[in-house]
Amino acid sequence: MTVLLDVEQVSKQFPAGGGLGPLARFKRRLSGGPNLLPKVYAVDDVSFVINKGETVGLVGESGCGKSSLVRTLTRLLDVTGGSIKLGDRELSLKPSRVFARDRDRARIQMVFQDAGESVNPRFTAFDAISDPLRRLRKLRGKTLKERVETVASQCGLPLQLLTRFPHQLSGGQRARVGIARAIAVGPDLLVLDEPTAALDVSVQVVILQLLQQLKREFGMSYLFVSHDLSVVRLLCDRVLVMYLGKIVESGPAAEVFQHPLHPYTQALVAAVPRLHDDGVERLRLSGEPRSPIDPDPNVCRFYGRCPRGTEACKTTMPALRSFGARQVACHFAEEFLPQVKSAS
Amino acid sequence: MTDIAAAPPRESALAALYKHSRYIIGENPVTGFAFALFVLIVLAAILGPHIVPYDPLQSDTTQALKPPSAHHWFGTDQIGRDVFSRVVVATRLDFFIAVASVVLVFLMGGLAGVAAGFFGGWTDRIVGRIADTIMAFPLFVLAMGIVAALGNTVQNIIIATAIVNFPLYARIARSEANIRREAGFVEAARLSGNSDWRILAFQILPNVFPILVVQMSLTMGYAILNAAGLSFIGLGVRPPTPEWGIMVAEGAAFMVAGEWWNAFFPGAALMVAVFCFNLLGDGLRDMVDPRRRT
Amino acid sequence: MISAPALSVEGLCVEFRTRGGIVRALDNVSFSVEKGETIALVGESGSGKSVTAYAVMGILDPAGRVTGGRAMFGGLDLLSATPSQIAEVRGRDIAMIFQNPRTALNPIRPVGRQIADVLIRHGNVPRNKAQAQAVEMLRAVGITDPVRRAKAYPFEMSGGMCQRVMIAIALAAKPSLLIADEPTTGLDVTTQAVIMDLVNDLAKELGMATIFITHDLALAGQRSARIVVMHAGHVVENAPTREIFEHPRHPYTSELIAATPDSAASLDELASIPGSLPDLRRADLPPCRYSERCPRKIDVCAQPLPQSTSGSGHIVACWNPLPEKALLTPTESAA
Amino acid sequence: MPTMILKRLAMAIPSLIGVVIVTFLLTRALPGDPAAYFAGPAATPQAIQEVRVKLGLDRPLIEQFGSYVLDLVHGNLGTSLTTGQPVAQELRNRLPASAELTLLGLLVSIVIAVPLGILAATKPNSLLDHACRVVSTAGVSLPVFFTGLILVYVFYYLLGWAPAPLGRLDVFFTEPPHVTGFYLIDSLIARDPETFLAALKQLILPALTLAIFSLAPIARMTRASMLAVLSSDFVRTARASGLSSFTVIITYAFRNAMLPVITTLGMVFSFLLGANVLVEKVFAWPGIGSYAVEALLASDFAPVQGFVLTMAVMYVMLNLLIDVLYGVVDPRVRLDA
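Quick note, the sequences are listed as chains Y, B, R and U, same order. Residue 264 in the numbering used here sits at position 237 of the first sequence; the count goes up by one each step and never skips. Residue 181 in the numbering used here sits at position 139 of the second sequence; the count goes up by one each step and never skips. Residue 300 in the numbering used here sits at position 313 of the third sequence; the count goes up by one each step and never skips. Residue 339 in the numbering used here sits at position 305 of the fourth sequence; the count goes up by one each step and never skips.
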């Protein structure tokens, strides 16, 4: 498996509370406090790898830092630290402001959750799909028109819909336009930010099957972001579970959902409503998540809500340790390991 | 609620706008009426001097202060000039003042606001500081000050009206650009290789422009009122050029003594024009953004 | 002992005047919920499940009009009751909770006061005691440090906590029927599980009938005794949960189950439903609004829909339903 | 709460500095040469130069600005060339006249516009709703001075109900003993009903003119924000909880709808202070507006400077009041500050 994307200790911080005004910062310095502004640690020291042709799932609840991580990978945001290597090219060197003109721009593209909001209301479907082709592939005129039409039909979009505006298309049709635009320039990595969250079940199935078929046809790699575990289970080979800016568990999707090791993943898997409920007593998370602002680096982020929180969790931050193909950031992972070995 | 999944039949962009606007005008006759009135005003502004029965400047003391009659539909003023001719000819000047100030304030306030909203940082702070300083003055008082300082030529009235409205446009443009700055389609545009300037010009502005157009038609009404107000206190257009504000000012003294037509007709024309622009503004707002119906 | 149902909706029809024409949102919708029973109204967007609840509660959007049917609550028909009659019932005997809890609460009024408002209006609690009782309500819905939280504003609370406040408001007057319109759709799946537990426990405690509206079939199945499936303004199937999952009889229900990700081992096994929701403004709408997409369509489907009920209260509105105890299509049997 | 006021005050300071600079520059650019005017028409160029030195107009602009700010700090706004009186004194005498007129006008317009807006919003497309829309569009289109003239013509000239538009008090009545400078309040304090009635009759037409002018934006904004709030989620929840319609419309809906209305008041104040100048001319009202207009026409920059500065300071203070009012109503603002 050749590595396509190598993410190494990436972190992303935002000024907290919209940043202090000059007055407040001056007062802070007067009172001898650190001149550092309080920061939200949206993404905190995240490392993982995406291999060529692989579909990796990224799962986590709102506020866990998924979209910040995704926006740094696609170079819409600059990283605060760490490196993002696409093949042999280090992407984080060039600031995101000018990355739009970079020759590798076309290699990573993105499909957005609300397709309606991610297409300019004044653009027709044709304009939306042709824009990247004009800018990144310098196509014009007839060749442009042909390319747009081939990509549209590959995505199952009837050609007569190309002159429609977003508000004249159904949810499913808009999702197809979003996908067509992203694959038009032939990217190596396609980042999908909850592409079917806003769709009804019946439409969701069609779009998911389209995505799988496109991946087989063009050999792209996917990073599939979602809060819906049952969708991730169907589509992804491997899955990363994020909580408050850190990866707490990762591994083959089927195994992670069958026998989750990290307490948070266990709570997540237990919380998902199942069609054929086996009536087993469900693990419930109590309390509220810890604050992401200037978090204490040696306390486990899940401490306080974790059913197994002990003294060790309060003093040392559990590192992400590997157990074969599985990784988990918890001092007590071993407890669940024998069960995993005997089962698989 | 029910969102209709089946898309309506195929339409080109222009046909959609035409059908939409015909629907708005149809459903809201008031906007239709305002649009007709607007066309009338534009015609008066263009053809005015050629179709007017009398020469608006030619005085005839023997005919001074005659009430409205068959000869002089709007009567005559204190030095015998035909009030009707002057009112019609004045349309051109007032209309010009309105359009010029609105275009100027759009270029100054609108564009500065969009840039401030989109780029944020220093541009935002500078534009914000300028807007705050101008906003510290009551509108008309500042206009008075500017025109008094620069001299009351038509050109200065236009500049004063534009400066006074700068904060309003800057604020609207800034907020509309700001909410779109993080919109999905802007991020998609960046992914598609568009530079920030290209996104601002071809993606943000076309979405903000219609909202500013609505404001422009409301400001046209304000611009005429402002110019007339300045003339009324002797800071506007200098007599004898026919302009509604100055005509009302000159006629005011006679009104109290009973010769009402002298001030009434220019005042009425002024009101009708401003009324028309405001109604048009409301109609445009419905066309641009039905949700923001006021 | 067949006690009168808490609520019985019969033949409910609702229309909306829109710019594009008349939308026949609901057509002859009937179902009932027993005292203490929890049923789920399940359907995709545009199926009319929320419109049904809004019509029963009398808070339809001005463009909507009830054009037929009855909603019997106790002895009172809510659809033809006088405003004063409805004012007595709404918020006291029937309560409702909504989606997006943060926007569903008054942003500039402390949450304690919002609960107190309902207590004063319906719970005939004197003004001075209302605030104290509101704090008790907050404790009952599991909010820690309720005394301080009562003075807080919705923007200072998480989505989960706002939803608990809304539940406190709804249950302040101990209603006998609770309608929950997609209460956990916007929340994280862990918070959703906790909130749904809370609603179920309180319903059991108060012996309250509950109508749970959702698009998530699995969530509906886990939380309710009976499931009413709606499609394009029609009730297509109404049966006990276990029955409907094991022997769905309406083609749409079985397709919906087969399309739910949880029901399949791999993506290819997921069934996709052809076509899309019909445009409810069309004058030529067929009597069965699923017929244009239905693989089991036969000639008689053009006739007005039948309402057949089988033994265990399994209602289905279809001329050619799936056989009762027949062998299921391969995909279901493997799940 | 106090921290919020301090913060708003801190933000008002840059505006005030901006105001001082702009008023200084504006008046220095007045056409015509004050020294020549002051020295008299027959004065020799040499005499004019003498006056210019005395007035300090020959010194570089920065120095003039320095002394201007220094005077300001001592509350000295310079003296008016036309009347010879210190500007600060004249403004202080005339301010109550303008303030009484403006505040009464605003009070009348709020009392009419806000209920009209609420009723129009609660009964969409009713007669009232259309009335509100027509009134608000017409109101905005009516030039203030024209409305004033029409009212005078109809109620004074034709019907004779209203007194002649000649200042604050009829010739037969004496000014009530000065307490606040507001004739209505002072005459009440002096328990002198005749003067109160006379002053009120004089005030009615100009106040009505201002009211009609400011009625429109308030009614329009009240209706728009009420419509928006009434269709919001929390009003739907309030209705579903069976709260009384009064609670739903006033305690829940109107309190939220008030927020944008309060911000509109800032803009309406700005219109009112401007329109005040015009109404004072139509009704020969001895306020600071007419005072400034006469000075402007005579290129007498000291009173103009004083007027613009007073108006701006008053306007900044009013905006501050509005921000504080906003903070009282909306906890989100209060807790953020």
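The beta carbon of each residue, even a glycine, is placed where N, CA and C say it ideally should be.
Cβ closer than 7 Å: which chain B residues qualify as neighbours of V146(Y)?
By Cβ distance, chain B contributes F227.
Specify, as a first and last residue, the run of the beta strand (DSSP E) that E24(R) falls within.
Premise fails: E24(R) is in no beta strand (DSSP E) and is neither H nor E.
V375(Y) and S119(Y): beta carbons closer than 8 Å?
Since the first and last residues shown for chain Y are 28 and 371, residue 375(Y) lies out of range.
Contact belief for R213(R) with E311(R) at Cβ below 8 Å, rounded distance in angstroms:
Not confirmed; about 17 Å, so no contact.
Using 8 Å for Cβ pairs, my map puts P130(U) next to F216(U). What's the rounded Cβ distance?
The pair is a contact, with the Cβ atoms about 6 Å apart (cut-off 8 Å).
What runs of the beta strand (DSSP E), each 3 residues or longer, lie entirely inside the stretch 73 to 126 of chain B?
none
Cβ-based burial, L135(U) [other Cβ within 10 Å; buried from 16]:
buried
Considering only the beta carbon of each residue, do G56(R) and L66(R) sit closer than 8 Å?
yes
Thinking C-alpha only, which one of L237(Y), V218(Y), A142(Y), Q40(Y) is nearest P193(Y)?
Nearest of L237(Y), V218(Y), A142(Y), Q40(Y) to P193(Y), Cα basis: A142(Y).
Cβ distance (whole Å) where A210(Y) is taken to contact V252(Y) below 8 Å:
Looking at the sequence itself, residue 210(Y) is Ile, so the reference to Ala does not match. With 8 Å as the limit, I210(Y) and V252(Y) do not qualify as a contact, their Cβ atoms being about 17 Å apart.
C-alpha distance - V230(Y) paired with S259(R), whole-angstrom precision
Approximately 8 Å, taken between the alpha carbons.
Unbroken stretches of the alpha helix (DSSP H), 4 residues or longer, contained in the stretch 275 to 335 of chain Y:
280 to 285, 290 to 298
Residues, ordered as in the chain, of the stretch 174 to 191 of chain R that lie near chain D by beta-carbon distance below 9 Å:
As a matter of chain content, chain D is missing from the structure shown, whose protein chains are Y, B, R and U.
At the 8 Å Cβ level, is N34(U) part of the contact set with chain R, yes or no?
The displayed coordinates of chain U run from 35 to 371. Any statement about residue 34(U) would go beyond what the structure contains.
Using only the alpha-carbon positions, how far apart do F207(U) and S221(U) sit?
11 Å
Could you check if N236(B) is buried or exposed, using at least 16 other CB atoms within 10 Å of its CB as the buried criterion?
Buried is the call here.
CB-CB under 8 Å to G213(Y), same chain, minus the five flanking residues each way: which ones, in chain order?
A133, F245
If you reduce the DSSP assignment to three classes, tell me which class M217(R) lands in.
strand
From V369(B) to I266(B), what does the alpha carbon distance come to, in whole angstroms?
This structure gives no information on residue 369(B), because the portion of chain B shown stretches from 43 to 336.
Out of R96(R), M59(R), S145(R), A160(R), which one is the CA nearest neighbour of R89(R)?
Put simply, of R96(R), M59(R), S145(R), A160(R) the residue whose alpha carbon is nearest the alpha carbon of R89(R) is S145(R).
Please tell me whether Q293(Y) has its Cβ less than 8 Å away from any Cβ of chain R.
Chain R, which has no Cβ nearer than 8 Å to the Cβ of Q293(Y), makes this no.
Give me the Cα-Cα distance between D357(U) and R254(U), rounded to the nearest whole angstrom.
Each residue's Cα considered, the two are about 21 Å apart.
Using the Cβ count rule (16 or more neighbours within 10 Å means buried), how would you classify G293(B)?
Buried is the label assigned to G293(B), since at least 16 other Cβ atoms lie within 10 Å of its Cβ.
When we look at the beta-carbon of W164(B) and count the other beta-carbons within 10 Å, is it buried (16 or more) or exposed?
exposed
Neighbouring residues, chain Y, relative to L254(B) (Cβ below 8 Å)
Correct list: empty, because the minimum Cβ distance to chain Y is about 15 Å.
Assuming contact is defined by CB atoms lying nearer than 8 Å, are L92(R) and M153(R) in contact in what I supplied?
yes
Alpha carbon to alpha carbon, what distance is there between M247(Y) and F150(Y)?
27 Å
Can you find a C-beta in chain R that's less than 8 Å from the C-beta of V363(U)?
yes
Nearest to A225(Y) (by Cα), restricted to the options Q239(Y), L238(Y), S197(Y), A207(Y)
S197(Y)
Given this structure, state the Cα-to-Cα distance separating Y373(U) from G117(B), to the nearest angstrom.
Look at the range of chain U in this structure, 35 to 371, and you will see that residue 373(U) is not part of it.
For V205(U), does the three-state DSSP call read helix, strand or coil?
coil
For S369(Y), count neighbouring Cβ atoms within 10 angstroms of its own Cβ and tell me buried if that reaches 16, exposed if not.
Annotation note: pLDDT 49 at S369(Y) (below 50); position unreliable, no value reported.
Where DSSP assigns a beta bridge to T296(R), which residues make up the other side?
I302(R)
Identify the contact partners of N198(B) in chain U, using a Cβ-Cβ distance below 7 Å as the criterion.
Those within 7 Å of N198(B) in chain U number zero; the least Cβ separation is about 11 Å.
List, in order along the chain, the chain Y residues whose C-beta lies closer than 7 Å to that of S145(R)?
Chain Y residues near S145(R): E315.
Residue closest to P294(U), alpha-carbon to alpha-carbon, out of F303(U), N310(U), S279(U), I252(U)
I252(U)
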